[in-house]
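With the first letter of the sequence shown counted as 1, position 114 gets the number 116 in the numbering used here; the numbers rise by one all the way through.
Positions of the beta carbon are idealized from the N, C-alpha and C atoms, including for glycine.
Contents: one structure, followed by commentary.
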Amino acid sequence: MRPSSHIVRRLSSAAAAAARARLPASFTLQTRVQDTDLQGHINNVKYYEFMDTAICTYSAQHGDKLEANWRFIAETGLKYKRPARYPDPVEVRFGTKAVGNSSVEYEVGMFDTAGELLAEGKFVHVYVSTEGRPHRIPDVSRQLLDSIAILPEEE
3 MRPSSHIVRR LSSAAAAAAR ARLPASFTLQ TRVQDTDLQG HINNVKYYEF MDTAICTYSA
63 QHGDKLEANW RFIAETGLKY KRPARYPDPV EVRFGTKAVG NSSVEYEVGM FDTAGELLAE
123 GKFVHVYVST EGRPHRIPDV SRQLLDSIAI LPEEE
């Protein structure tokens with residue numbers, strides 16, 4: 003016997019709320035007309051921009067300026083769950099999953115105004131020197147990254 007769609011929606015809403023709650027940092031972006039595809043959905047490639055913009059803007063707003071602490075995007079990945087639409091804002095929630103010597107891995111969730119999960123992703127930054135070589139994460143960056151660490155899930 004299959005569960006009714008109302009029960010499935012409630013379960014997916016509960017899962018989205020749990021995913022949202024585990025990600026400590028938040029940044030909301032306003033979608034734009036030029037972000038949409040022919041079906042009126044936000045184009046999939048824009049989700050990558052949303053992750054980059056949210057993480058870098060949040061970092062800068064909390065004292066970790068890109069001009070002073072260069073970083074390259076080393077890896078990204080997304081799983082799309084449902085479409086976003088213009089003119090709805092998208093809340094990008096994220097936290098650090100792993101912080102190494104020169105790199106950091108973020109876990110990312112993107113949510114609509116109802117709190118429903120639109121996409122979940124992974125985003126990796128490598129901190130680099132002005133010559134483009136990996137180097138130790140600066141203390142100011144590390145403090146911010148540690149402050150948004152994702153706590154292990156309780157079993």
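Residue i vs residue j beta-carbon contact at 8 Å
{"i": "L25", "j": "G111", "result": "yes"}
{"i": "H64", "j": "S104", "result": "no"}
{"i": "S28", "j": "R95", "result": "yes"}
{"i": "L68", "j": "V106", "result": "no"}
{"i": "L119", "j": "A23", "result": "no"}
Top-ranked residue by Cα proximity to residue i, from the options
{"i": "E77", "options": "E118, Y129, S28", "result": "Y129"}
{"i": "I150", "options": "Y108, V126, I139", "result": "Y108"}
{"i": "R34", "options": "V92, Y50, I75, S131", "result": "V92"}
{"i": "T115", "options": "P89, K99, V101, F74", "result": "P89"}
{"i": "K99", "options": "V47, G134, E155", "result": "E155"}
{"i": "G134", "options": "F113, F74, G117, L119", "result": "F74"}
Neighbourhood of residue i by C-beta distance below 6 Å, restricted to the same chain and skipping five residues each side
{"i": "K81", "result": "E122"}
{"i": "S14", "result": "none"}
{"i": "P140", "result": "N71"}
{"i": "Y49", "result": "L80, A121"}
{"i": "H127", "result": "R73, V106"}
Cross-strand partners of residue i (DSSP beta bridge)
{"i": "G111", "result": "R95, E122"}
{"i": "Q63", "result": "Answer by DSSP bridge pairing: none, since Q63 is not bridged."}
{"i": "G79", "result": "K124"}
{"i": "T38", "result": "I44"}
8 Å CB neighbourhood of residue i in its chain, flanking five on each side removed
{"i": "N45", "result": "D37, T38, D39"}
{"i": "Q145", "result": "none"}
{"i": "G42", "result": "R87, Y88"}
{"i": "T132", "result": "W72"}
{"i": "A62", "result": "L68"}
Residue i: CB within 7 Å of a non-hydrogen atom of the ligand GTP
{"i": "E122", "result": "This structure simply doesn't include the ligand GTP, nor any ligand for that matter."}
Supposed contact pair residue j and residue i - C-beta distance, whole angstroms, cut 8 Å
{"i": "S143", "j": "D66", "result": "5 Å"}
{"i": "A18", "j": "G117", "result": "6 Å"}
7 Å CB neighbourhood of residue i in its chain, flanking five on each side removed
{"i": "I57", "result": "F96, Y108, F125"}
{"i": "A60", "result": "It should be pointed out that residue 60 corresponds to Tyr in this sequence rather than to Ala. Here the set comprises A27, F29."}
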